[in-house]
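In what follows, a single structure is set out as structure tokens and then discussed.
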Amino acid sequence: MAKSHESKQGHLLIVQKLVAELVGTYMLILFGSGSEFIQAQKPKEDISLEGVALTWAIAVTAIVYSIGHISGSHINPASSIALAFIGKFPWKQVPAYALAQLIGAMLAGLTLRLLFGGNNAYLLLTLPVGENPASDLNVMAWEIIITFIFLFVICCSVLHPGAAKGFGGVAIGAVVFVNVIIAGPITGCSMNPARSIGAAIVAHNFHKLWIYIISPIIGAVGGCVLYYFLQISTKPSTEDLPVVESRRIETTLGHPNPAYSGYK
1 MAKSHESKQG HLLIVQKLVA ELVGTYMLIL FGSGSEFIQA QKPKEDISLE
51 GVALTWAIAV TAIVYSIGHI SGSHINPASS IALAFIGKFP WKQVPAYALA
101 QLIGAMLAGL TLRLLFGGNN AYLLLTLPVG ENPASDLNVM AWEIIITFIF
151 LFVICCSVLH PGAAKGFGGV AIGAVVFVNV IIAGPITGCS MNPARSIGAA
201 IVAHNFHKLW IYIISPIIGA VGGCVLYYFL QISTKPSTED LPVVESRRIE
251 TTLGHPNPAY SGYK
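In terms of full-length UniProt numbering, the sequence shown opens at residue 1 and continues consecutively.
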């Protein structure tokens, strides 16, 4: 009976995490892509690139602080895969997380189509921007680089034991803002396969989708691997420290919550 009860509790915990990821991704796309809808359809409102970038940044920050303690606030399959790659998240939960994130992105896309009306689904898509868009290779490079930076900042500001507590969400929002500013006019700044796949399904347009699936995953894994390497390289030794100091370091390096599974 005890084992059955524990199993049920564990199952409920996973369901709660998945619901949190679905809702978090829904909020992210609703707010972020919603600002792009307004920018495109209501030019009199004068929402600039900076305004769109700030919307994405604030949305990410709010979501991190809202559901981070529940699911880790991945809201991005690339994040889940990359964190699993360095052992900070269980691989067996990656498919479920990715599915929840994809459903959230799709629901947000459908909501925006209904709210704004008209033939506007193309506004959801992440595609090379401009009359003379960048080449596929150039777009891939941009998406790899910005997602690399994104995950590196996430790991360093939240996972690292020496990071300033409580400021991870601010750092994550800041890097999103900068990435949208520099890459938005070139690639659309996806950094998130769920966002791109969900939009493609809602818009029935899969043009160049492969770029926005592969590139963020490569960049995310790279960012996490660099963090892991730096963490191992700079891990303090306890051999030459007093006993009291050694205990403090050992306690800090282990997260107090054994269920910790992402950046919280």
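The beta-carbon is built from N, C-alpha and C at its ideal position, and this holds for glycine as well.
Computed from a prediction, not measured in an experiment: that's the story for all the values here.
Practice item. May I have the straight-line CA-CA distance separating ILE182 from LYS165, to the nearest angstrom? Key: 28 Å
Point to revise | Same chain only: Cβ atoms within 8 Å of ILE214, ignoring 5 sequence neighbours per side | key: MET140
Point to revise | Whether GLY222 touches PHE148 by CB criterion (8 Å) | key: yes
Exercise for review: Let me know if PRO216 comes out buried or exposed under the rule of 16 or more other beta-carbons within 10 Å of its beta-carbon.
Suggested key: buried
Practice item. Following the continuous alpha helix (DSSP H) through ILE197, name the residue where it begins and the one where it ends. Key: 193-203
Review point. Which word fits ALA157, buried or exposed, when buried means at least 16 other C-beta atoms lie within 10 angstroms of its C-beta?
Key: Inspection of the sequence shows that residue 157 is occupied by Ser rather than by Ala. Under this definition SER157 is a buried residue.
Review point. Would the beta-carbon of GLY24 fall within 8 Å of that of GLY104?
Key: yes
Check your understanding: Is TYR65 near GLY169, with beta carbons less than 8 Å apart?
Key -> yes
Point to revise | Nearest to ALA78 (by Cα), restricted to the options ALA220, LEU28 and GLY130 | key: ALA220
Review point. Is the Cβ-Cβ distance between LEU124 and LEU112 less than 8 Å?
Key: yes
Review point. Could you give the residue range of the alpha helix (DSSP H) that holds SER190?
Key: That residue, SER190, is in no alpha helix (DSSP H); it is neither H nor E in DSSP.
Exercise for review: For VAL60, count neighbouring Cβ atoms within 10 angstroms of its own Cβ and tell me buried if that reaches 16, exposed if not.
Suggested key: buried
Review point. Beta-carbon separation of VAL153 and VAL175 under 8 Å?
Key: yes
Review point. Going by Cα to Cα distance, which pick from VAL19, LEU28 and LEU83 is closest to ILE70?
Key: VAL19
Practice item. Please check the pair LEU28 and ILE63, which I expect to be a contact at CB under 8 Å, by giving their CB distance rounded to whole angstroms. Key: 6 Å
Point to revise | Residues near VAL15 by beta carbon distance below 7 Å, same chain, minus five either side | key: none
Review point. I think THR55 touches PRO128, with their Cβ atoms under 8 Å apart; what is that distance to the nearest whole Å?
Key: No, THR55 and PRO128 are not in contact; Cβ-Cβ is about 22 Å, not under 8 Å.
Check your understanding: At what residues does the alpha helix (DSSP H) containing ASN132 begin and finish?
Key -> Unbroken run through ASN132: none, as it is neither H nor E.
Exercise for review: Would you kindly report the start and end of the unbroken alpha helix (DSSP H) that includes GLN101?
Suggested key: 94-116
Review point. Cβ atoms of GLY184 and VAL52: under 8 Å apart, would you say?
Key: yes
Review point. Rounded C-beta distance between ASN192 and ASN119? I'm assuming under 8 Å.
Key: 24 Å between Cβ atoms; not a contact.
Point to revise | Per-residue burial, LYS264 [other beta carbons within 10 Å of its own, 16 or more giving buried] | key: Legend: pLDDT at LYS264 = 38, less than 50; position of this residue unreliable, value from coordinates given subsequently. So LYS264 counts as buried.
Point to revise | For ILE47, the three-state DSSP class (helix, strand or coil) | key: coil
Exercise for review: Could you check which residue in ALA108, GLU50 and ASN138 has the C-alpha nearest to that of LYS208?
Suggested key: ASN138
Review point. Terminal residues of the continuous alpha helix (DSSP H) containing PRO77?
Key: 77-85
Exercise for review: Kindly indicate which residue of ASP136, LYS88 and VAL178 has the alpha-carbon position closest to the one of PHE210.
Suggested key: With the sequence shown as reference, residue 210 is identified as Trp, and Phe is not the correct amino acid for it. If we check each option's Cα against that of TRP210, ASP136 comes out closest.
Review point. GLY87 to GLN41, Cα distance in whole Å?
Key: 44 Å
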